[in-house]
Amino acid sequence: MIQTIILGLVLGGVYALMASGLTLLFGVMRIVNLAHGVFMILAAYISYFMFIELGADPFISLVVTMPTMFLVGVLVYRFLFPRLEGNDRYSEMTVLLTFALALVIEGLLGYFFTGIFRSTTPAYATEAFRLGELFIPRGQLYGSLASLALIGALWLFLNYTKTGHGIRALTQNRTAAEIVGVNVRRASTISFGIGMALAGAAGSLLSFLFTFFPGQHWQWLALLLSLIVLGGLGSLLGAVVGSLLLAVLSALVSSWFGSTWSPLTFYLALFAILLIRPQGLFGDKEAV
Amino acid sequence: MFLQIDDVTAGYGSGPDILDGLSLDVDEGRTYCIIGPNGAGKSTLLKVICGILSPRSGSIRFRGEEVGGLRPDQLLAKGICFVPQDPSLFPKMTVRQNLVMGAFLENDRAVVKQRTEEILEQFPVLGERANQAAGTLSGGQQQILLMGRALMIEPRLMMIDEPSLGLAPQAADQVFETVAGLNAKGITVLLVEQSVERGLNVSDWAFVLDLGQKRFEGPSSEILADARIGELYMGKAPTIE
Amino acid sequence: MTPVEPELEIRRRGSRRSRVVFAVGLLVVLVILPLSRPMIGDSFNYVLQISTITLMWITLSSSWNLIGGYAGYISLGNNVFFGVGGYLAGALLVYQGWSPFLTAPLAGLVGMALGLVVGLITLRTRGPAFIIATLALLLMAALVFDNWELVGGANGLSLPLPDFPREWVRVPFYVAMAITAIGSVLLSWKVAHSKLGLGLRALAQDETKAEVLGINTRRYKIIAFALSAIFPAVAGSIWGYALTYVRPSVFFTIAIAAQMVLMAIIGGRGSVAGPVIGAVLLVAVNELSVARFGSSELNIVVTGAILLVVLIFFPLGIVGSLRQRGKLPGFLDWD
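This is the structure we're talking about:
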């Protein structure tokens, strides 16, 4: 039991990183980025090939995937989203746009890299620390710590920089941010870039924690969406708490009923939260 | 000329022109009231001047410089600020933090701190609630906070859209006192107000808008007395409860 | 409301006649097709198969349009009803020996009931949260059916073909699917011209205002969702039978959800004709793309790319864009 909870917690840290980019984008722009999962997988492929070709550790390729994905995010946002502005169904249209983007990238990944299951295999991925009866997998512990460090950095950025203040203002009230002089276009572009960079970091970690293939991104997306709905759409704290909670819960479900059913935990939690408290644990009522 | 609007047209999305070749001139240091029936384009005019909405054609000159189509943050840096009618505070931030956000464009922390304290002192309603979340304030207090926040950049031109909307008469009186006080600071005020009598009472000069054009202008006191205008526009305009 | 100008009145009356002519013509083609074996010859079965597929997609996208178009609630999980219908009829065939042609209406009823239940839960949310909920619904269904031993898990169930002469074996599926498609388009037309449709369009524009006007938006949305589940379930029961197997990968994939949405959006969501036009067009594109690229990965790219282009350049779809320019031909104006 305690062992299961430990395994859940170290995974939960990584989920939190995966979910943080998604929830940030929703908070700032009310965009649900359905391409978040596929961008993670894309980053995982970058790490994979850097590992195979250059022998680069995923923690090192993270330094490449993050800026690369930041740039991709900025370009995607600048080229695709302004064309939808002025549409009276902006938020719906953006969801569909990211949906279309996810399909295109999924197809391209599948075409170039096929559906073979892959993963990077640094030594620590298969080792564990022992604490008496209990053990902690090293790879997952490192991944979790790196995730929490990145989320901490994001939190510092949002709370202690001018740009961060502007982004936070934007999440609370768009008009208000505009009239106090936040450059909304710029803040949105940066947020999109950061969201993608976080997806990039998550992808690098994913590359040694899990096996991956192109079509897998929908499962990841659904998992992440249930985490951020539970935590409250747009809330960073909610994403972290939701991730830890559900990761532990699904680890328990997995140990009781078999690993096949552990994804069901996420979907059922999603529906349960929609029934009981649609705004999630830490969310705004208006967001739902 | 302080602010010169010349033949401006504007509208939302792919919709029709709400402002339809509107022209008007504003002098420095006075308070103006804009009145007219629903859909006349009053709020749209303010949004165009502050940059939330871009004009489709025409020119907007502020202190001799063409400013039409600039972003809100660029206009704010020139001293043009806007207090919209929909609640646009940061509900989860405290009163003090909202004021600090008002000076988002000011990079000198000491200046920001000093101005924040000044405003908190000047408006006791805010000073007493400095550490309360803005979302918990009453409607009238929120309106005063909005104006206090706008003052943080020491604006030259302040545009206020329907400050008394949804307020109880007593709270509205308090808000209008604040509006009247702005003039004493040398700030030019453009006020849109559904409650025409109140709006005319605090202003020097009034513009009467209809169908996106200026129909009439004159000293507020004269318009208040003019039965013709009253019949045409005030009667139509719904007053607040 | 602007009064209808006399000229416009005449044009609408004219378009009414052209609409009727068009609809009758279409029906004649649909009836003649299965009788045309002597004329078409060897490719008869292929032509019938493609027609059946087209009719199936017309059913799916027209039904999706009820909730996604009229009500403006984008669902990425409506193929769940398609799959449940397929599995229900398939299981009844395997375990009870009942023909799916007979159990298809039952599948429709079950689909509607399921739609009602799912709607009660998911329609508590709006906007992005609703999209998330429906996506989760789809993935959850895929997971359950992948692991449900009674219905064969990931391998699904094999279904026997009906006892029919080989050269005519496609005909009953075609006929059943044609009836289903006509039913779904008629339902869409009926809803568009009813108080329900009016209410749905009002809430799609501005839900709060619609509520203030006294429209019970919650009830309207749930009804629309339940209606949108009927014909996909019927189509699913026929389609599984036609394929001779039901399997999670046939029904519960994101690609199918994407196609439903894409067809309605390309054609013009919120209109009666839009999803039909979109379905015909996309089936043609898919056939070409499969013939050209072969691999299913590039087909996903094509689907995504088309959706991307349509969203950015023609967000109103074919019908919507033409109507906005006043160039919608009368025979396509079914609203």
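Chains as they are written, first to last, in this note's numbering: chain A, 137 to 424; chain B, 1158 to 1398; chain C, 18 to 352.
For glycine and all other residues, C-beta sits at the position ideal for the given N, C-alpha and C.
| Check | Outcome |
| --- | --- |
| Tell whether a beta-carbon distance below 8 Å holds between ALA264/A and ILE272/A. | yes |
| Within the continuous beta strand (DSSP E) that includes TYR1189/B, where are the two ends? | 1188-1192 |
| At the 8 Å Cβ level, is ARG141/C part of the contact set with chain A, yes or no? | yes |
| Could you spell out the range, first to last residue, of the alpha helix (DSSP H) harbouring PHE98/C? | 96-113 |
| Using the three-state DSSP reduction, which class does PRO117/C fall into: helix, strand or coil? | helix |
| Kindly list, in the order they appear in chain A, the residues whose Cβ is closer than 7 Å to that of ALA243/C. | Simply none; closest approach about 18 Å. |
| By a C-beta neighbour count over all protein chains shown, 10 Å radius and 16 as the cutoff for buried, is PRO177/C buried or exposed? | exposed |
| Which residues, taken in chain order from the stretch 232-261 of chain A, show a beta carbon closer than 9 Å to some beta carbon of chain C? | LEU232, LEU233, PHE235, ALA236, LEU237, ALA238, LEU239, VAL240, ILE241, GLU242, GLY243, LEU244, LEU245, GLY246, TYR247, PHE248, THR250 and GLY251 |
| ILE1112/B versus chain A: which residues are under 7 Å apart at the beta carbon? | This structure does not reach residue 1112/B, given that chain B is present from 1158 up to 1398, and the question cannot be answered. |
| Straight-line CA distance for LEU232/A to PRO1241/B? | 31 Å |
| Scan the stretch 1236-1250 of chain B for residues whose Cβ lies nearer than 9 Å to a Cβ of chain A and list them as they occur along the chain. | CYS1238, PHE1239, VAL1240, PRO1241, ASP1243, PRO1244, SER1245, LEU1246, PHE1247, PRO1248, LYS1249 and MET1250 |
| Could you work out which residues of chain B lie near GLN308/A, taking near to mean beta carbons separated by less than 8 Å? | PHE1247, PRO1248, LYS1249 and MET1250 |
| Please report the straight-line C-alpha distance between VAL21/C and ALA221/C, rounded to a whole angstrom. | Model confidence at VAL21/C stands at a pLDDT of 40, short of 50, so the residue's coordinates are unreliable; what they give is reported in the following sentence. Going by the C-alpha atoms only, they are around 24 Å apart. |
| With distances taken between CB atoms, is the gap from ASN172/C to ARG264/C smaller than 8 Å? | yes |
| Can you check whether the C-beta of VAL318/C is within less than 8 Å of a C-beta belonging to chain A? | yes |
| Which residue marks the beginning of the alpha helix (DSSP H) containing ARG54/C, and which one marks its end? | 54-57 |
| Against ALA358/A, what residues of chain C qualify as contacts under a CB-to-CB distance less than 7 Å, listed in chain order? | LEU152, ALA153 and LEU156 |
| Shortest alpha-carbon distance to LEU239/A belongs to which of THR311/A, ILE177/A, PHE187/A and PHE293/A? | ILE177/A |
| To the nearest angstrom, report how far apart GLY149/A and LEU334/A are at their CA atoms. | 13 Å |
| Step through the CB atoms of chain A and report whether any lies within less than 8 Å of the CB of GLU224/C. | no |
| Over what stretch of residues does the beta strand (DSSP E) that includes ASP163/C continue unbroken? | Premise fails: ASP163/C lies in the alpha helix (DSSP H), 144-164, not in any beta strand (DSSP E). |
| Distance cutoff 8 Å, beta carbons only. Does VAL164/A sit that close to anything in chain B? | no |
| Kindly give me the distance between the Cβ atoms of ALA274/C and ASN95/C, rounded to whole angstroms, as I take these residues to be in contact under 8 Å. | 7 Å |
| Could you check whether the Cβ of THR1396/B sits closer than 8 Å to any Cβ belonging to chain A? | With a pLDDT of 40 at THR1396/B, under the threshold of 50, the predicted position of this residue should be treated as unreliable, and no value is reported. |
| By the 7 Å beta-carbon criterion, what residues does the stretch 1251-1262 of chain B contribute toward chain A? | MET1258, GLY1259, PHE1261 and LEU1262 |
| Going along the stretch 146-160 of chain A in order, which residues come within less than 8 Å of chain B, judged by CB to CB distance? | none |
| I need the DSSP call for LEU1366/B, collapsed to helix, strand or coil. | strand |
| Would you call the stretch 395-411 of chain A and the stretch 161-181 of chain A in contact, with 3 or more CB pairs under 8 Å? | no |
| Would a C-beta distance cut-off of 8 Å place GLY1356/B and ILE1206/B closer than the cut-off? | no |
| To the nearest angstrom, how far is the alpha carbon of VAL293/C from that of GLU1354/B? | 57 Å |
| Would you say PRO1229/B lies against chain A (beta-carbon separation less than 8 Å)? | yes |
| With a threshold of 8 Å between beta-carbons, can GLY275/A be considered close to chain B, or not? | no |
| Examine chain A for any beta-carbon lying closer than 8 Å to the beta-carbon of PRO332/C, and answer yes or no. | yes |
| Measure from the C-beta of ALA171/C to each C-beta in chain A and report whether the shortest distance is under 8 Å. | no |
| Nearest-angstrom Cα distance between PHE195/A and MET229/A? | 36 Å |
| Please confirm whether GLY17/C has its beta-carbon closer than 8 Å to some beta-carbon of chain A. | Residue 17/C lies beyond the range of chain C shown here (18 to 352); nothing can be said about it. |
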